[in-house]
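A.B. asks:
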Amino acid sequence: MAASKPSLIALQNVTRQYQTEGMQVKALDDISLTIEKGEFVAIMGQSGSGKSTLMNILGCLDTPSDGSYTINGHDVSQLSNDQLSALRLKTFGFVFQRYQLLPSLSALDNVALPAIYSHTPAQEREQKAQALLARLGLGDRQGHKPGELSGGQQQRVSVARALINGAEVILADEPTGALDSSSGEQLLSLLKDLHEEGVTVILITHDAAVAEHAHRQIHLLDGKIVADTNDAERSTSNHATPAHTTAEKVIAPFKSISGFAALTMAFSALRLNWFRTLLTLLGIIIGVAAVVTMMAIGEGGKQDVLKKIEAIGTNLISVRPGGGNMRNTGEIATLTLDDAEALRSLPGVIYVAPERTSRKTIRFAQNDFSGRITGTTPDYLYAKDWEMAQGVFFTEDDVTHYAPVVVLGDTVAETLFDDKYQAVGRYVLMANSLYQVIGVLKAKGASAGGSDQDDEVLIPISTGRLKVFGRAYLTGITVKASGSDVASTVKDAVLATLVQRHGTEDVMVFTTDSLVEAVTETQNTLTWLLASVAAISLFVGGIGVMNIMLVNVTERKREIGLRMATGAKPADILKQFNIEAWVVCILGGALGVILGYGIIFLVSQFAISVAYTLTPPVLAFVTSLCVGVIFGYAPALKASRLSPIDALSED
Ligand code: ADP
Ligand code: MG
Numbered sequence: 031m032a033a034s035k036p037s038l039i040a041l042q043n044v045t046r047q048y049q050t051e052g053m054q055v056k057a058l059d060d061i062s063l064t065i066e067k068g069e070f071v072a073i074m075g076q077s078g079s080g081k082s083t084l085m086n087i088l089g090c091l092d093t094p095s096d097g098s099y100t101i102n103g104h105d106v107s108q109l110s111n112d113q114l115s116a117l118r119l120k121t122f123g124f125v126f127q128r129y130q131l132l133p134s135l136s137a138l139d140n141v142a143l144p145a146i147y148s149h150t151p152a153q154e155r156e157q158k159a160q161a162l163l164a165r166l167g168l169g170d171r172q173g174h175k176p177g178e179l180s181g182g183q184q185q186r187v188s189v190a191r192a193l194i195n196g197a198e199v200i201l202a203d204e205p206t207g208a209l210d211s212s213s214g215e216q217l218l219s220l221l222k223d224l225h226e227e228g229v230t231v232i233l234i235t236h237d238a239a240v241a242e243h244a245h246r247q248i249h250l251l252d253g254k255i256v257a258d259t260n261d262a263e264r265s266t267s268n269h270a271t272p273a274h275t276t277a278e279k280v281i282a283p284f285k286s287i288s289g290f291a292a293l294t295m296a297f298s299a300l301r302l303n304w305f306r307t308l309l310t311l312l313g314i315i316i317g318v319a320a321v322v323t324m325m326a327i328g329e330g331g332k333q334d335v336l337k338k339i340e341a342i343g344t345n346l347i348s349v350r351p352g353g354g355n356m357r358n359t360g361e362i363a364t365l366t367l368d369d370a371e372a373l374r375s376l377p378g379v380i381y382v383a384p385e386r387t388s389r390k391t392i393r394f395a396q397n398d399f400s401g402r403i404t405g406t407t408p409d410y411l412y413a414k415d416w417e418m419a420q421g422v423f424f425t426e427d428d429v430t431h432y433a434p435v436v437v438l439g440d441t442v443a444e445t446l447f448d449d450k451y452q453a454v455g456r457y458v459l460m461a462n463s464l465y466q467v468i469g470v471l472k473a474k475g476a477s478a479g480g481s482d483q484d485d486e487v488l489i490p491i492s493t494g495r496l497k498v499f500g501r502a503y504l505t506g507i508t509v510k511a512s513g514s515d516v517a518s519t520v521k522d523a524v525l526a527t528l529v530q531r532h533g534t535e536d537v538m539v540f541t542t543d544s545l546v547e548a549v550t551e552t553q554n555t556l557t558w559l560l561a562s563v564a565a566i567s568l569f570v571g572g573i574g575v576m577n578i579m580l581v582n583v584t585e586r587k588r589e590i591g592l593r594m595a596t597g598a599k600p601a602d603i604l605k606q607f608n609i610e611a612w613v614v615c616i617l618g619g620a621l622g623v624i625l626g627y628g629i630i631f632l633v634s635q636f637a638i639s640v641a642y643t644l645t646p647p648v649l650a651f652v653t654s655l656c657v658g659v660i661f662g663y664a665p666a667l668k669a670s671r672l673s674p675i676d677a678l679s680e681d
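Mapping of the sequence shown onto our numbering: residues 31 to 681, in sequence order.
Below is the structure:
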């Protein structure tokens, strides 16, 4: 008969040795033992006799050093970790001396915990847990935390937890050890009832009175069985066994917990330790906010500059004397008025404004203004899109006749005259000559580079050469093309013409396009520089997450051990802790983006240009998620590799 139907539990010559500091301790020494379905067995012995070691092996929390252990005919040493987890989940139910309830969960949630790992739907979990608690006389204590329950009540909660997945075997290690005598009696009668219903009960105790309740007593001494009442009285229950599970089904591994279940666990764990969570989040929040803000400001600055450049006009070509391979020492005398005249006839050119500048001081009454004086032609007005605020610009006639006239920028008019609207018609003194103010330019404001554009002092180039500059060479020529589409063609033609005239490339020709390019490039570099500083702070935040998660794992060893003892697979633990890190980082990322936008908004109130683009928040968010995935993995792996017995025996 035994051949056709294997025993529920069979140990053959099982030994368990511990190696401690060179000493070998044989906690179990050549144990052979069979336990049939439906038995009520007490394992007895004094402290240190090997009872807990035996129970850990029976419950698949530990493996023998030697010998074999079979469950329903399955050699345990041949089973995978996941199959062992499945056994702990469905076949065994543990009851510990110190209850091992999770202090943060209610009685109901403690009972329902193992059912998460068996993929029982939430509603069914709750119903089952409620029914079990009601049956154990705790119907009115469902919502209580373990700390609000007496020892006897806590132990009954742990029995309910052991039963929630329909355990066939209850393994109870000194379950009455911490209880007063009446609670102990109550618990023993509960175990008896379960035995009546067909559950196999293995009870560990050092108390003979407690062992009396069982139908079979096994005595251990120094890791050896010294007595077994098995032969005298074999009492398996006559009652029906619980819903029969076939041997194969018992070891079929379960899928990992769902992402949703892990998420729920993560949130409750984070809420429990909300202050620490906040501190962890802070690192990520600041990092992400920094990325978002810095990139927005960098991008805003760039767009600002580009806008201003565009306002100058994209069809302007400017010619400067000198060249890449010429030494720029002082005056470079290459450009002449004749050059400017020659450019005028190029196709696509509409205005050519020669410029000759010099720094001078202008006086009117007590006021003076020191700055750049430009000698030019009427084309200057049109090439640079100036408009007149008052008076007129000088004409070709003025240029021909060396007229002593001057046109002032808004700033200059304001500096020289107490009332700038009185400027036109007045005479100002410059380089010992008097000039009549004939016009004031309309204000333009600051340039792309941030300098004032309204500090113009313009005189006919002929007058300038005669009275101010002395030399005939130009400091520049501004050429305006008929449209931005021909600007680059005109630029090439201008260069070709000048090279041909001079016989060498001694001028530089730019369009605003090349300026745009240069600005974009520098600003991009700046933006990425800012972003990388911010990314470093994000990285530091990530290390913070890893650090806190490692502390977390160490602190929650007992919880991890308990989860594993009740059937969680290493993969479940890995998932739980990984997702916890992800949640921290995603939460931190989201809050960081919000904070970043808050800062951007504030900053934009102070006339600093910012750009609301999608890239920085997406980038920051994705980075913080990656940080979570990368830095959360090591702690999660550490958690999943904990040994449940070590974790549970932690004091
Ligand atoms: P009991 O539960 O009967 O009190 P245990 O099974 O806990 O006894 O321990 C049996 C023997 O094994 C004891 O001598 C104990 O010191 C030793 N032992 C138990 N666990 C370990 C361990 N992790 N490392 C070393 N020795 C151990
Ligand atoms: Mg013990």
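Cβ coordinates follow ideal geometry from the N, Cα and C atoms, glycine included. Since we're looking at a predicted model, the values are computed, not measured.
#1: Are the Cβ atoms of Pro565 and Leu346 separated by less than 9 Å?
#2: Name the two residues that bound the continuous beta strand (DSSP E) containing Gly289.
#3: CB Thr430 to CB Gly494, shorter than 9 Å?
#4: Which residues does DSSP list as the beta-bridge partners of Ser679?
#5: Compute the beta-carbon to beta-carbon distance between Ala326 and Ala641, rounded to the nearest angstrom, for a pair I have assumed lies under 8 Å.
#6: Quick one: what does DSSP say Lys683 is sitting in, helix, strand or coil?
#7: Pull up the CB-CB distance for Ile380 and Val487, whole angstroms please, since I reckon it's below 8 Å.
#8: For the alpha helix (DSSP H) that Glu385 lies in, which residues bound it at each end?
#9: Please state whether DSSP places Val229 in a helix, a strand or coil.
#10: Where does Lys337 fall in DSSP's three states?
#11: Beta strand (DSSP E) containing Val55: first to last residue?
#12: Check Ala433 in the structure and name its three-state DSSP category.
#13: Judging by CA-CA distance, which residue of Phe70, Gln47, Tyr147 is the nearest neighbour of Ile39?
#14: Using 9 Å as the threshold, is the C-beta distance between Ile255 and Met85 below it?
#15: Suppose you measure from the CA of Leu166 to the CA of Glu198; what does that come to, to the nearest Å?
#16: Using the Cα positions of Met576 and Gly662, report the straight-line distance between them to the nearest angstrom.
#17: Lys120: beta carbon under 8 Å from a heavy atom of ligand 1?
#18: Are three or more beta carbon pairs between the region 291-306 and the region 604-618 nearer than 8 Å?
#19: Find the nearest neighbour of Asp440 within the set Gln483, Gln183, Ser514, Leu163, judged by alpha-carbon distance.
#20: Heavy atom of ligand 1 less than 8 Å from the Cβ of Gln76, yes or no?
#21: Taking the C-alpha atoms as reference points, what is the distance between Thr464 and Pro646?
#22: Near Gln127, which residues of its chain fall below 8 Å by C-beta distance, leaving aside the five closest residues on each side in sequence?
#23: Given this structure, state the Cα-to-Cα distance separating Phe651 from Glu329, to the nearest angstrom.
#24: Please report how far the alpha carbon of Lys668 lies from the alpha carbon of Val583, in whole angstroms.
#25: Could you compute how far the alpha carbon of Pro176 sits from the alpha carbon of Pro133?
#26: Mark Ser288 as exposed unless 16 or more other C-beta atoms lie within 10 angstroms of its C-beta, in which case mark it buried.
#27: Go to Leu471, then tell me how far its beta strand (DSSP E) extends in each direction, as first and last residue.
#28: Tell me whether Val583, by its Cβ, gets closer than 8 Å to a heavy atom of ligand 1.
#29: Can you find a heavy atom of ligand 2 that lies under 8 Å from the Cβ of Ile234?
#30: Starting from the Cα of Arg456, find the closest Cα among Gly401, Phe394, Ala502, Trp416 and give me that residue.
#31: Suppose you measure from the CA of Asn268 to the CA of Ile281; what does that come to, to the nearest Å?
#32: Do the region 414-424 and the region 464-474 meet, that is, are 3 or more Cβ pairs less than 8 Å apart?
#33: Leaving out the 5 sequence neighbours to the left and right, which residues in its chain are closer than 8 Å to Thr50 when beta-carbon positions are compared?
#34: Who are the Cβ neighbours of Leu221 in its own chain at under 6 Å, not counting the five residues just before and after it?
#35: Pair every Cβ in the region 587-600 with every Cβ in the region 142-156, then say whether three or more of these pairs are closer than 8 Å.
#36: Below 8 Å on the Cβ atoms is my contact criterion, and I expect Ile339 with Thr542 to pass it. Report the Cβ-Cβ distance as a whole number of Å.
C.D. replies: Walking through what the data contain:
#1: For the sequence presented, residue 565 should be read as Ala rather than Pro. For Ala565 and Leu346, no; Cβs fall outside 9 Å.
#2: Unbroken run through Gly289 is the alpha helix (DSSP H), 289-302; no beta strand (DSSP E).
#3: no
#4: None; Ser679 has no bridge partner.
#5: 6 Å
#6: Only positions 31 to 681 of the chain appear in this structure, which leaves residue 683 out of reach.
#7: Rounded, the Cβ-Cβ distance is 25 Å, inconsistent with contact.
#8: No alpha helix (DSSP H) holds Glu385; the beta strand (DSSP E) holding it covers 379-394.
#9: coil
#10: helix
#11: 53-65
#12: coil
#13: Phe70
#14: no
#15: 18 Å
#16: 6 Å
#17: no
#18: yes
#19: Gln483
#20: yes
#21: Strictly speaking, residue 464 in this sequence is Leu, with Thr absent from that position. Rounded to whole angstroms, Leu464 to Pro646 spans 58 Å at the Cα level.
#22: Asp203, Glu204, Pro205, Gly207, Ala208
#23: 18 Å
#24: 8 Å
#25: 6 Å
#26: exposed
#27: 463-471
#28: no
#29: yes
#30: Phe394
#31: Any answer about Asn268 is weak, because its pLDDT of 45 lies below 50 and its placement is not dependable; what the coordinates show is given next. Cα to Cα, Asn268 sits roughly 26 Å from Ile281.
#32: yes
#33: none
#34: Val231
#35: yes
#36: 5 Å
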